[in-house]
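Colleague:
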Amino acid sequence: MKVKRIENFNLPYRPLLSGIYGPGINDDFVGSDLRRYGIKEMLFRTFRGQGYHVVFYSQDPTYNFFSFRKDDLVELFGLAHNQSSTVNRGRYVANIASPFAGRRRSTVGNQTLPPDDTETYSQIQVCHEDTNRLYYRIANSVKPLDTIVHYISEHPERKIVFIFSTAATDVYDHVEEILPQLNNLKTTYNSTNCQAHIIALYDTKTIGGIFKEGTAELFRGDFFKEALAPDSKEASIKEGNLMYCIMGPGRDEYRNLLNRIRLLDGYTELMDGQGIEEKAVRLSQNVTKKKRKEEQAYVGEVEMLSYYVKMHTSKLKATIDKMNTERSIDVLRGMPGTENILKQVDIYIETLKDTHNSSEGPRFRPHLVFSGNPGTGKTTVARLLADILREEGILERGHLIEANVGDLEGEYIGQTRIKTQALCDRARGGILFIDEAYGLMSGGNGEHADYGKEAIEVLMQFMENSSDSLVILAGYKSDMENLIKNGNPGFMRRFNGKESFFNFEDYDDEALYKIFKRQIKHYETTPDFDDRIRRIISYMYIHRNARWGNASEMEKLASSVTGIHRRRDSKLPLAVEDIPTDKMRLINDDIDYTAILSEVNELIGLAEVKEHLKTLLLSTLGRRREAQQLGEIDMEKPNLNFVFEGNPGTGKTTVANKMAKILYECGLIDDITPAEIDVATLVNAGVGDTPKAIEKMFKDNSGKVIFIDEAYQLANHGTEAIDAIVKSLTDPRFEGNQALILAGYTENMESMIAGNIGMRDRFANIWHFADYSNEELWVIMTHIATAKGFTFVPEEECIKLAFDHFNTKRTTGKQFANARVAVNLFKSLRDNYHCQVVNGASGRVLLPEYFPGHVGVVPPAGVSNTISPPSKLRGNADHEHSTIPKSIIKIHLDNSDEYAVSEVAQFANAVGLIDGKKGMGTGFIISNSERLVLTASHVIEGNPDLLFLMNRGQSAMGATVLWNNTIIDLAILQCDSMPSDARYFKIDANANVSPKVLERILHCGFLKGTDVSTNFSTYEGTISNYDQDKQLGERCFDAIMSGIEATHGCSGGPVLRATDFTVIGVLQGGFNEAPARIITDIHQLYKQKTLIIE
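Be aware that the sequence shown starts at 14, since it is given in my numbering, and climbs by one per residue.
1) Give me the DSSP bridge partner(s) of Val1076.
2) According to DSSP, simplified to helix, strand and coil, what is Asp41?
3) With 16 other CB atoms within 10 Å as the buried threshold, where does His1016 fall?
4) Between Ala450, Leu1098, Thr628, which has its C-alpha nearest Thr607's C-alpha?
5) Could you please give the first and the last residue of the uninterrupted alpha helix (DSSP H) stretch that includes Val344?
6) By the 10 Å Cβ neighbour count, where 16 or more other Cβ atoms means buried, how is Leu1041 classified, buried or exposed?
7) From Phe22 to Phe57, what distance separates their C-alpha atoms?
8) Taking its Cβ as the centre, do 16 or more other Cβ atoms sit within 10 Å of Arg579, making it buried, or is it exposed?
9) Taking the CB atoms as reference points, tell me whether Phe177 and Phe232 lie closer together than 8 Å.
10) What ranges does the beta strand (DSSP E) occupy inside the region 606-660, keeping only unbroken runs of at least 3 residues that lie completely in it?
11) How about Tyr257 and Pro157: are their beta carbons less than 8 Å apart?
12) Could you pull the DSSP bridge partners for Tyr164 from this structure?
13) Could you give the distance in angstroms between the alpha-carbon of Gly749 and the alpha-carbon of Tyr554?
14) So what does Val68 bridge to, in DSSP terms?
15) Below 8 Å on the Cβ atoms is my contact criterion, and I expect Ala450 with Gly388 to pass it. Report the Cβ-Cβ distance as a whole number of Å.
16) Can you give the Cα-Cα distance for Ile901 and Gln1101, rounded to whole angstroms?
17) Could you spell out where the alpha helix (DSSP H) holding Val791 opens and where it closes?
18) Excluding the 5 residues preceding and the 5 following Thr759 in the sequence, name in chain order all residues of the same chain whose CB lies nearer than 8 Å to its CB.
19) Between the Cα of Gly261 and the Cα atoms of Phe1019, Leu1104, Met567, Leu413, which residue gives the shortest distance?
20) I'd like the span of the beta strand (DSSP E) that includes Arg1048, first residue to last.
21) Ignore the nearest five residues each way along the sequence and tell me which others in Asp541's own chain have a CB closer than 8 Å to its CB.
22) What does the Cβ neighbour count give for Leu30, buried or exposed, with the cut at 16 atoms within 10 Å?
23) Quick one, are the C-beta atoms of Ile754 and Val718 less than 8 Å apart?
24) Note down the Cα distance separating Phe776 from Arg746, rounded to an integer number of angstroms.
25) Take Leu525 as the anchor and find which of Leu653, Ala571, Gly503, Leu842 has the nearest alpha-carbon.
26) Please report the straight-line C-alpha distance between Glu20 and Gly44, rounded to a whole angstrom.
27) Could you tell me if Thr429 is buried or exposed, where buried requires 16 or more neighbouring beta carbons within 10 angstroms of its beta carbon?
28) May I have the straight-line CA-CA distance separating Arg171 from Glu339, to the nearest angstrom?
29) Gly385 by DSSP, collapsed to three states: which one?
30) Within 10 Å of its beta-carbon, does Gln642 have 16 or more other beta-carbons around it, so buried, or fewer, so exposed?
31) Hey, Asn1038 and Val1079: beta-carbon distance below 8 Å or not?
32) Going by alpha carbons, who is nearest to Ser80 out of Arg48, Val139, Pro25, Tyr34?
33) Let me know if Cys848 comes out buried or exposed under the rule of 16 or more other beta-carbons within 10 Å of its beta-carbon.
34) Go through its chain and collect everything with a Cβ distance to Arg61's Cβ below 7 Å, but skip five positions before and after it.
35) State yes or no: is the C-beta of Asp907 within less than 8 Å of the C-beta of Ser950?
36) Quick one: Cα of Val574 to Cα of Phe720, how far?
Structure below.
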């Protein structure tokens, strides 16, 4: 009747107090006698087989003291048959009403346990469990712990085990009397050679919720927590593992189950083909795969034997017939790109088999380290290895417990030890696989190194003492080497040398193509599709960066392709049209470079920089086109390291953003959003931390444009930062995989470059940003003024005054601030105008008298609103901003409350995802009748073909730009159609009232588009500030500031008053030049001369 998951408890080697928990508590057990047992009877039979009396106790009045044999109760209470208080066969006799009455020491020594007592006792009741099996009980709930403590004190030499079967819920009176007795027993346990044991049986699946401070349940309180799950390392080592987790069954129980079914139900087919032994292996293997959830109450149910015990024989037969009979080693051999790993696995398995079958020779430690980049098959190989070792009979259960550092780390010092031990218990008989294990070096969260230290100590103890289990630690190669070397002095000794380290190389492009084809194996494909996909995968592989995900990249590519295919026509084969545009850009040699350059040419000034950008774009496209003509892949990684030098306000940040778009379109980077890095985050760390911070910067932003403004400050902290940057740029993980832009004042940047001999070699692209001319500054200022509805009268005089102001600023001796001078001048003029509004000024006309330093007459009150806009400055016609509307647009907003959004549940009917060729963001309906959608201007910039997606992509409407203003960053789209259930948001029309600080607001948007979520998220926050004329790059708008949560993808989403769901702003969550949580004030729509809202 032996069952290994109970036998492994090893009762004779345990101290006085132990605990048992785990999902197996409620499982069925099938012993070697082929009988079916519950947990209590299985414990009883196992411990009886080891020579112990076994007595259970429960506060359930139908049980109290009970056992499955009478003589256990007779032994405890010293009963005489049909008498209440006599001496019989040397045992102690007691009146049940008073358990200790009349006890005296027997003169008869400890004898061999006889067969069950055949006598009858008036105190013992015969009862039946649900399984119709007999058990015997004595109804006594008066101080049961006193009874047990007294018996152990009187008879320490007798082998008896007391099991509290409802320990998780039992509450006892007079605990203050019980605990000192238990503590005394615990203290004197070894000195008295005590043979008794007390076990608390907890009906919980995990250890996490067992012990609670201040609880009324005795076995969950502080005494038993300290006794069974001590926080300290010393107590843990001294007492050993006192909490035992019963998990699912091993192969032995599946063998027993199948034999039971064969005999009871006549399932003779079990003897056919592979036989019972092989079917038991397959059945246990099938159970440990967590993919089958069709009839389970919770994910872990299929790991339990009861799942199959309850199954009808016909269904069990069908399940076995459907099981994959392919050997796991053959599955591994069929995996693409694992040839080197397979050789190591073969050697490893042979060594394990030899060690398993022979006790001679040196000890072989089976634990492994899997190192490599993400997506290289580490987890998959670990799962297959567990199956292989089960099939070979090396691991009994052969299951895989997957964990990460967060699963081990506790909330306080000591809890980590408990959680880690619990995971080790769950993995017993199988494999404990810890991914990203290098996190143990910093305690996981980087704050408490003691957490990681505790976890490593428990793991080392488990690895040393558990011959039936193994541990696999996984992560990046360099990080894992550091963990094994420096995590603990004894860590390396737990591994068997170099053969314990498996290095998973990146898949090559051929293996990646095979992985992709497996993902779409149910689809037909066209030859053109296969050709393009092969080229795309090869390009992705050649240009992979530090964040490359290997197989997961193929999974994402297959998911995108099949998603587009379903929306297009799922009956046709996969075609080129099903390949996402962001992947086609990688091999496309027909990019409309004139459209891209037109965006660059819209920039004011910067003639030299524009030429550099043009050369970069055309040379990249030229190389690609030549490679396509030769039937090759463009393998060259161009030098994407730049130095931008020039005075402030010359457009360095703006150009960096434009460069991100150009490089993304050319397939040279993976992310269109640049990363702006503050120097302080790199150099203000502790001593020696700067290189780590810089390496992290490259890791976190691989595949992006990395922009460091005022980069010369890196040299102010010695050579450490510059040396680290130069080193990283030659690191294979980072070389050519991102664009790095260092920006700052010319003199300072030249000095920094001269300070490191390798800098000029690494940064071949040094671009100078010249100061803006007066004419260019005037164009910048008029763009801002026009966007705000202001005009200059008379224009010629205003130009002269502006030029005088610009010249004065140039000669102040400080670095000329360029565009910021123009912005600040406009703000000054507007403030002077508003001062005159109280005297009757109107029409938003800026007069010469408003210019700083002007001496003249105060303008008369009241100026006509019909003054024509300023003419273009002669010689600067090419600076007319193409996105400022040239005609007046009139729109109508719905007034009906019936379809207006009035509750959060209706947001989904009014918010959608704007999807374009160059990016995506959020938009929201403001008019059903005219099919109007409001969003942020930067969401639709450079996106000629737009879709407005609702209902998780089920509704896709074409959209065109009706009105767009890049300065205030707002745009209105008109859709081809609207869903029948569409609703719209009302927008606040009171342009004279500014939002209130601390006012509650709501926001909803799509997090990073469909790559992350197919539905939007809603957030709540408050307004923290209001900033008029917020200057962000070339944009200038009235900004609402808030700490409301948001990120890229939420850009263009509505910001509402929480009280009435009226829109007061549009979120700038994806705004490259600004952090999230900046909101453009919706009232600015009503101040535009090119937009009439009815």
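From the three backbone atoms N, C-alpha and C, an ideal C-beta is built for every residue, glycine too.
Modeller: Taking the coordinates as given:
1) Ile1000, Leu1069
2) coil
3) buried
4) Thr628
5) 341-346
6) What sits at residue 1041 in the sequence shown is Gln, not Leu. Per the 10 Å Cβ criterion, exposed.
7) 13 Å
8) exposed
9) yes
10) 654-659
11) no
12) Note: Tyr164 sits in no beta bridge, so no partner.
13) 13 Å
14) Phe175
15) Contact doesn't hold; Cβ gap of about 17 Å is too wide.
16) 9 Å
17) Note that residue 791 is Trp in the sequence shown, not Val. Counting along the chain, the alpha helix (DSSP H) containing Trp791 begins and ends at 787-800.
18) Glu658, Gly659, Asn660, His781
19) Leu413
20) 1048-1055
21) Ala588, Val589
22) buried
23) yes
24) 18 Å
25) Ala571
26) 11 Å
27) buried
28) 52 Å
29) strand
30) exposed
31) no
32) Val139
33) exposed
34) Val67
35) no
36) 33 Å
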